[in-house]
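Colleague:
There are 2 protein chains.
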Amino acid sequence: MASVLRPSLRLRSAARLPVARSLSTTAHLRAGEKPYFPNEPSAPKVTTAIPGPNNKAATAELDKVFDVRSINMLTDYTKSTGNYISDLDGNLLLDVYAQIASIPVGYNNPHLQKVATSPEMTSSLINRPALGNFPSHNWAEVLNTGMLKVAPKGMNQVFTAMSGSDANETAYKAAFMYHRQLQRGGPEVDFTEEELLSTMKNQSPGSPQLSIMSFKSGFHGRLFGSLSTTRSKAIHKLDIPAFDWPQATFPQLKYPLEEHAQENAQEEKRALEEVERIIKEFHNPVAAVVVEPIQSEGGDNHASPAFFRGLREVTKRNNVLLIVDEVQTGVGATGKFWAHEHWDLPTPPDMVTFSKKAQTAGYYFGNPALRPNKPYRQFNTWMGDPSRALIFRGIIEEIERLNLVENTASTGLYLYAGLERLAKQYPEHLQNLRGKGQGTFIAWDTPKRDQFVATAKSVGVNIGGSGPNAVRLRPMLVFQKHHADILLESIEKIIKKL
Amino acid sequence: MASVLRPSLRLRSAARLPVARSLSTTAHLRAGEKPYFPNEPSAPKVTTAIPGPNNKAATAELDKVFDVRSINMLTDYTKSTGNYISDLDGNLLLDVYAQIASIPVGYNNPHLQKVATSPEMTSSLINRPALGNFPSHNWAEVLNTGMLKVAPKGMNQVFTAMSGSDANETAYKAAFMYHRQLQRGGPEVDFTEEELLSTMKNQSPGSPQLSIMSFKSGFHGRLFGSLSTTRSKAIHKLDIPAFDWPQATFPQLKYPLEEHAQENAQEEKRALEEVERIIKEFHNPVAAVVVEPIQSEGGDNHASPAFFRGLREVTKRNNVLLIVDEVQTGVGATGKFWAHEHWDLPTPPDMVTFSKKAQTAGYYFGNPALRPNKPYRQFNTWMGDPSRALIFRGIIEEIERLNLVENTASTGLYLYAGLERLAKQYPEHLQNLRGKGQGTFIAWDTPKRDQFVATAKSVGVNIGGSGPNAVRLRPMLVFQKHHADILLESIEKIIKKL
Chain U
-7 MASVLRPSLR
3 LRSAARLPVA
13 RSLSTTAHLR
23 AGEKPYFPNE
33 PSAPKVTTAI
43 PGPNNKAATA
53 ELDKVFDVRS
63 INMLTDYTKS
73 TGNYISDLDG
83 NLLLDVYAQI
93 ASIPVGYNNP
103 HLQKVATSPE
113 MTSSLINRPA
123 LGNFPSHNWA
133 EVLNTGMLKV
143 APKGMNQVFT
153 AMSGSDANET
163 AYKAAFMYHR
173 QLQRGGPEVD
183 FTEEELLSTM
193 KNQSPGSPQL
203 SIMSFKSGFH
213 GRLFGSLSTT
223 RSKAIHKLDI
233 PAFDWPQATF
243 PQLKYPLEEH
253 AQENAQEEKR
263 ALEEVERIIK
273 EFHNPVAAVV
283 VEPIQSEGGD
293 NHASPAFFRG
303 LREVTKRNNV
313 LLIVDEVQTG
323 VGATGKFWAH
333 EHWDLPTPPD
343 MVTFSKKAQT
353 AGYYFGNPAL
363 RPNKPYRQFN
373 TWMGDPSRAL
383 IFRGIIEEIE
393 RLNLVENTAS
403 TGLYLYAGLE
413 RLAKQYPEHL
423 QNLRGKGQGT
433 FIAWDTPKRD
443 QFVATAKSVG
453 VNIGGSGPNA
463 VRLRPMLVFQ
473 KHHADILLES
483 IEKIIKKL
Chain V
-7 MASVLRPSLR
3 LRSAARLPVA
13 RSLSTTAHLR
23 AGEKPYFPNE
33 PSAPKVTTAI
43 PGPNNKAATA
53 ELDKVFDVRS
63 INMLTDYTKS
73 TGNYISDLDG
83 NLLLDVYAQI
93 ASIPVGYNNP
103 HLQKVATSPE
113 MTSSLINRPA
123 LGNFPSHNWA
133 EVLNTGMLKV
143 APKGMNQVFT
153 AMSGSDANET
163 AYKAAFMYHR
173 QLQRGGPEVD
183 FTEEELLSTM
193 KNQSPGSPQL
203 SIMSFKSGFH
213 GRLFGSLSTT
223 RSKAIHKLDI
233 PAFDWPQATF
243 PQLKYPLEEH
253 AQENAQEEKR
263 ALEEVERIIK
273 EFHNPVAAVV
283 VEPIQSEGGD
293 NHASPAFFRG
303 LREVTKRNNV
313 LLIVDEVQTG
323 VGATGKFWAH
333 EHWDLPTPPD
343 MVTFSKKAQT
353 AGYYFGNPAL
363 RPNKPYRQFN
373 TWMGDPSRAL
383 IFRGIIEEIE
393 RLNLVENTAS
403 TGLYLYAGLE
413 RLAKQYPEHL
423 QNLRGKGQGT
433 FIAWDTPKRD
443 QFVATAKSVG
453 VNIGGSGPNA
463 VRLRPMLVFQ
473 KHHADILLES
483 IEKIIKKL
């Protein structure tokens, strides 16, 4: 039972650090803190080099039929619990990557187990509907008691989808149809013969030369439309034809934000001017701007609420829709249910897309004119998957029951404070710490990033990177202060191994 | 219990018709035929006008949050069994549309029920992996005992996806990467600085002006890349930007095929010449041709095995990949597991895409060079859904246990013979009957198509259309001769009501 990770190294000047205090307990559980998973391990366990022999053998077997070059580790989900992920060699890691930010309420969550074994789930698994044609009798109820219950303010409708990419692409399609409808003069104005003929040849005016504007370093998916708005890394885009769509420079802020308020405000002003200039001047008219609240895959780049309020103003002023891509930030991770709640917007975004922690996907909207003027324009066979909508509903119930958004907000502040101390202690390894007040959506830059992430496994932590040199934390919503203590001491161990 | 559909009308000259013979039995069950679903209703039941009051009320409720203009009927899946679909007013229809050709082994199939309630399913529902990074320990086994067991000849690898659209789009991405790799001189040749920089701006050469060729009337999905290859109906494409990609004319054959062999062969020769001319001349080089074995959504347009063999030759000769889109034709519906098995190809297609009856999606391939030269080029967070892969495995097991591909082949011949007789009897209502020897993948043209499809409900049948004026049959693989008898007599009833 003894973990190889029982603290042997102690933080220097430990006395004033919560992170250090925890080291004096064996189970890391802080006084008064009740664990969400009573059967969760008390600490990581590393028993072999990672990958160990079983993982290596299984990966070689899988390689015969499935590309394994991106494999991080083969996982035994039956042995994973709460915040802990298990490989095939008995190693049990604290998981602060969580399936690329996609597990909200812990592995083998008991409430989700109940949802997964309910008769309703069985029916939706084996009688999969073509949702646009034959929704089940209780589809309105599933939506209303599930994903619409947490719809962002000002939004009361949803188009369901299956992944972040197609959530964004269907939102883009809605934006293009809306844009052309305004140009035509309303929903009742019919298509011209020229439009009907030219679209069959993929030509304008039926298939118009319109665009979606995105930001440099943004990530919005990997299908053809979404990839055309993804600007984070060349490797995602190389060799794939792309639309001639514009990009603006995301504000390049200095961290910590509060120490550089004035020059950051200046930079955001510049960015907003660039956005407006592109909207006015780009040769393919801009139907919508898509933006992440925090650029996630592209390196955890932040902007201020003022910037986003400005973006809302600029887009409104120019009749351009604003799509907020909450695929990675949504569902509690930033200490609000939706990250854009941090902004105090005067009017809501036009569409908000979601996926990942929702375990399903889609976009919310409020304006009824975003329903296309005729049926079958926004349509596909499955339009999502009701079994995944039921899981999302279960996740929402669990978030409410355990107050997990609040937990993430307060655990995030606690974790951030610990990281600030580590950054002071190891300034060469923790630079540009960011995400204060953004729940556990925290990141920093480090010169040996890839080595940092690889070394993490050896001390019992599964951790991810983003952008060229950031370490990104994406723990689950059930990540608590005692997990933060383990993570903080693990980070120090990693640094000492570099 | 008495159905309003108990035969009151009898076919004229009934004596020589199997369809008429069945009318003398009450349950429609033919001698020696064992029903797959012992608890399946013996006949449709229509108790209200359709939509009835409950369906109308529930649709109005759903309309508040979800676009209902494409709704065919709200469905009570808990009361649907085998080939019969239930609405909310107690109506029970023989379903030969089957969720747009997506239900293979019947509603509430007992074997799938077992799969859906297995511990493996529960785990994959609540511990959803990022498959490219953290596949579960048994993912190779799930693939090998499931979707790879039925992989088309010559294909031993799979890239998993979530819908037909993204199956096609990931196949297109693979084709583009392969094409550029050949141009570069192999997988080891690295990207140039110019490519790395230009792709971040969506510009050539990094984002090259390459194309996918499709056929007029073809349907391949609704996201931006797939929609650029979809050519079936303007309504799917209007207002959405599209790539400048070419289309060839699909052979315009005359039916019945065997009566027009010579002129059809001539037309297919013309079509192949057009394909080759476009490949040689189109300004955006063609990386792949995508084709459906039977153009489904576009109107059930057929071509001969010789045409497809010719297409394989033309593409090979020009170093263009051939992607066979089996999203609608695959998984048994044509009396072969994959429709392209009808063609006797000299070399396999380069990729075969699937979805719908597979209840999951993806593309098969055999050539290892279709794995991109570096990891993370073909990647996304979920890369499919293991819970849906388990359902596909259960479907495969059920298909094998009950010999459902053979059933579909023989039931299809039986049904086709009955339709031929009806076509002789009602030549103005059943024209261009097609799909002989293609399982139950049968269609015909009818001048009052929309009225035909709408009237079908009143006689207890749920049926769909395709193209401008075709009725398409897409029954499940558990559709048997006694169901064919009910369908045949229902068609006659519909005709008499028109």
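So the protein sequences, as listed, match chains U and V.
Quick note on my numbering: the first sequence kicks off at -7 and runs consecutively.
Quick note on my numbering: the second sequence kicks off at -7 and runs consecutively.
For glycine and all other residues, C-beta sits at the position ideal for the given N, C-alpha and C.
Return no unless some Cβ of chain U is closer than 8 Å to the Cβ of residue 57/V.
Modeller: Numbered from 1 along the second sequence, position 65 holds the residue referred to as residue 57/V. Taking Cβ atoms only, chain U reaches closer than 8 Å to residue 57/V, which makes this a yes.
Colleague: One question on the structure: do residue 391/V and residue 345/V come within less than 8 Å of each other, judged by their Cβ atoms?
Modeller: On the second sequence, residue 391/V is found 399 positions in, with the first residue counted as 1. On the second sequence, residue 345/V is found 353 positions in, with the first residue counted as 1. Taking 8 Å as the Cβ cut-off, residue 391/V and residue 345/V do not qualify as a contacting pair.
Colleague: What is the DSSP secondary structure of residue 139/U, reduced to helix, strand or coil?
Modeller: As a first step, residue 139/U is located in the first sequence; it is residue number 147 there, counting from the start. Coil.
Colleague: Against chain U, which members of the region 33 to 44 of chain V pass a CB distance test of less than 7 Å?
Modeller: Taking 7 Å as the Cβ-Cβ cut-off against chain U, none of the residues of the region 33 to 44 of chain V qualify.
Colleague: My parser needs the beta strand (DSSP E) runs of 3 or more residues fully inside the region 330 to 365 of chain V; what are they?
Modeller: List check, beta strand (DSSP E) in window: 343 to 346 and 353 to 357.
Colleague: Does the separation of the CB atoms of residue 415/U and residue 407/U fall below 8 Å?
Modeller: The residue given as residue 415/U occupies position 423 in the first sequence. The residue given as residue 407/U occupies position 415 in the first sequence. Not closer than 8 Å, so no.
Colleague: Taking only runs that begin and end inside the region 212 to 283 of chain V, name each unbroken beta strand (DSSP E) of 3 or more residues, in chain order.
Modeller: Here the runs fully enclosed are 278 to 283.
Colleague: Any C-beta of chain V sitting closer than 8 Å to the C-beta of residue 119/U?
Modeller: The residue given as residue 119/U occupies position 127 in the first sequence. Yes, residue 119/U lies at the interface with chain V (some Cβ there is under 8 Å from its Cβ).
Colleague: Take every Cβ of the region 117 to 129 of chain U, pair it with every Cβ of the region 89 to 107 of chain V, and state whether three or more of those distances are shorter than 8 Å.
Modeller: Yes, the region 117 to 129 of chain U touches the region 89 to 107 of chain V.
Colleague: Just grab the DSSP bridge partners of residue 74/U for me.
Modeller: Position 82 of the first sequence, counting from 1, holds the residue named residue 74/U. According to DSSP, which records beta bridges pairwise, residue 74/U is partnered with 99/U.
Colleague: Taking the C-alpha atoms as reference points, what is the distance between residue 29/V and residue 97/V?
Modeller: Here residue 29/V refers to the residue found at position 37 when the second sequence is read from its first residue. Here residue 97/V refers to the residue found at position 105 when the second sequence is read from its first residue. Taking the straight line joining both Cα atoms gives about 10 Å.
Colleague: Scan the region 69 to 91 of chain V for residues whose Cβ lies nearer than 7 Å to a Cβ of chain U and list them as they occur along the chain.
Modeller: Residues passing the 7 Å Cβ filter: 69, 70, 72, 80 and 91.
Colleague: How far does the beta strand (DSSP E) with residue 414/V in it reach, from first residue to last?
Modeller: Within the second sequence, the letter at position 422 stands for residue 414/V. Careful: residue 414/V lies outside any beta strand (DSSP E), inside the alpha helix (DSSP H) at 396 to 417.
Colleague: Out of curiosity, what's the CA-to-CA distance linking residue 50/V and residue 424/U?
Modeller: Against the second sequence, residue 50/V aligns to sequence position 58. Against the first sequence, residue 424/U aligns to sequence position 432. Each residue's alpha carbon lies about 53 Å from the other.
Colleague: Between residue 204/V and residue 89/V, what straight-line distance do the alpha-carbon atoms span, to the nearest angstrom?
Modeller: Position 212 of the second sequence holds residue 204/V. Position 97 of the second sequence holds residue 89/V. Taking the straight line from one Cα to the other gives about 30 Å.
Colleague: Apart from the five residues just before and just after residue 328/U, which ones in its own chain have a Cβ nearer than 8 Å to its Cβ?
Modeller: For the purposes of this step, residue 328/U is identified with residue 336 of the first sequence, where counting begins at 1. If we look at residue 328/U and ignore the five residues flanking it on each side, its Cβ neighbours are 334, 397, 401 and 431.
Colleague: Name, please, each residue of chain V whose Cβ falls closer than 9 Å to the Cβ of residue 483/U.
Modeller: Walking along the first sequence from the start, residue 483/U turns up at place 491. Near residue 483/U there are no residues of chain V at all, since even the closest Cβ is about 21 Å away, more than 9 Å.
Colleague: Determine contact between the region 40 to 54 of chain U and the region 142 to 161 of chain V, defined as no fewer than three beta-carbon pairs at a distance below 8 Å.
Modeller: The region 40 to 54 of chain U vs the region 142 to 161 of chain V: no contact.
Colleague: Do we get a CB-CB distance below 8 Å when we pair residue 466/U with the residues of chain V?
Modeller: What you label residue 466/U is simply residue 474 of the first sequence in a count that begins at 1. No, residue 466/U lies away from the interface with chain V (no Cβ there is under 8 Å from its Cβ).
Colleague: Which word fits residue 161/U, buried or exposed, when buried means at least 16 other C-beta atoms lie within 10 angstroms of its C-beta?
Modeller: Start at 1 with the first residue of the first sequence, and residue 161/U comes out as number 169. Buried, since its Cβ has 16 or more Cβ neighbours within 10 Å.
Colleague: Check whether the region 287 to 296 of chain V and the region 131 to 138 of chain V are in contact - that is, three or more C-beta pairs closer than 8 Å.
Modeller: No, the region 287 to 296 of chain V is not in contact with the region 131 to 138 of chain V.
Colleague: DSSP three-state call for residue 63/V: helix, strand or coil?
Modeller: As a position in the second sequence, residue 63/V is number 71, starting the count at 1. Reduced to three states, the DSSP call for residue 63/V is coil.
Colleague: Please classify residue 100/V: is it buried, with 16 or more other beta-carbons within 10 angstroms of its beta-carbon, or exposed?
Modeller: For this step, residue 100/V is matched to residue 108 along the second sequence. It counts as buried.
Colleague: Classify residue 363/V as buried or exposed, calling it buried when 16 or more other Cβ atoms lie within 10 Å of its own Cβ.
Modeller: For this step, residue 363/V is matched to residue 371 along the second sequence. It counts as buried.
Colleague: When the Cα atoms are used, what is the spatial distance from residue 15/U to residue 351/U?
Modeller: Here residue 15/U refers to the residue found at position 23 of the first sequence. Here residue 351/U refers to the residue found at position 359 of the first sequence. Here the model assigns residue 15/U a pLDDT of 34, short of 50, so the residue's position is not dependable, and the following value carries that caveat. Taking the straight line joining both Cα atoms gives about 35 Å.
Colleague: Applying the criterion that 16 or more other CB atoms from any shown protein chain within 10 Å of the CB defines a buried residue, is residue 43/V buried or exposed?
Modeller: To locate residue 43/V, count along the second sequence from 1; it is residue 51. Residue 43/V should be labelled buried.
Colleague: Just verifying my parser: in three-state terms, what is the DSSP assignment at residue 442/U?
Modeller: Here the question's residue 442/U lines up with position 450 in the first sequence. Residue state, collapsed to three classes: helix.
Colleague: Decide yes or no for the touch test of the region 74 to 93 of chain V against the region 466 to 476 of chain V: beta carbon pairs closer than 8 Å, at least 3 of them.
Modeller: Flag = yes, the region 74 to 93 of chain V and the region 466 to 476 of chain V touch.
Colleague: Going straight from the alpha carbon of residue 47/U to that of residue 82/U, what length do you get?
Modeller: One-based indexing of the first sequence puts residue 47/U at position 55. One-based indexing of the first sequence puts residue 82/U at position 90. Spanning the two alpha carbons is a distance of roughly 10 Å.
Colleague: Please return the same chain residues whose Cβ sits closer than 7 Å to the Cβ of residue 109/U, not counting the five positions on each side in sequence.
Modeller: Here residue 109/U is taken as the residue at index 117 of the first sequence, counted from 1. Excluding positions up to five away in sequence, the list is empty.
Colleague: Per DSSP, what are the beta-bridge partners of residue 458/U in this structure?
Modeller: Along the first sequence, one-based indexing puts residue 458/U at 466. Paired residue(s): 462/U.
Colleague: Who pairs with residue 436/V in a beta bridge, going by DSSP?
Modeller: Numbered from its first residue, the second sequence carries residue 436/V at position 444. Per DSSP, 463/V.
Colleague: Just mark residue 488/U as buried or exposed, buried being the case when its beta carbon has 16 or more other beta carbons within 10 Å.
Modeller: The residue you call residue 488/U lines up with position 496 of the first sequence. Result: exposed.
Colleague: Opposite residue 205/U in the DSSP bridges: which residues?
Modeller: Mapped onto the first sequence, residue 205/U falls at position 213. Its beta-bridge partners are 281/U.
Colleague: Could you check whether the region 366 to 376 of chain V touches the region 161 to 172 of chain V, counting it as contact only if at least three pairs of C-beta atoms, one from each stretch, sit closer than 8 Å?
Modeller: Yes, the region 366 to 376 of chain V touches the region 161 to 172 of chain V.
Colleague: From which residue to which residue does the alpha helix (DSSP H) around residue 160/V run?
Modeller: Residue numbering aside, residue 160/V sits at position 168 when the second sequence is read from its first letter. Start and end: 156 to 176.
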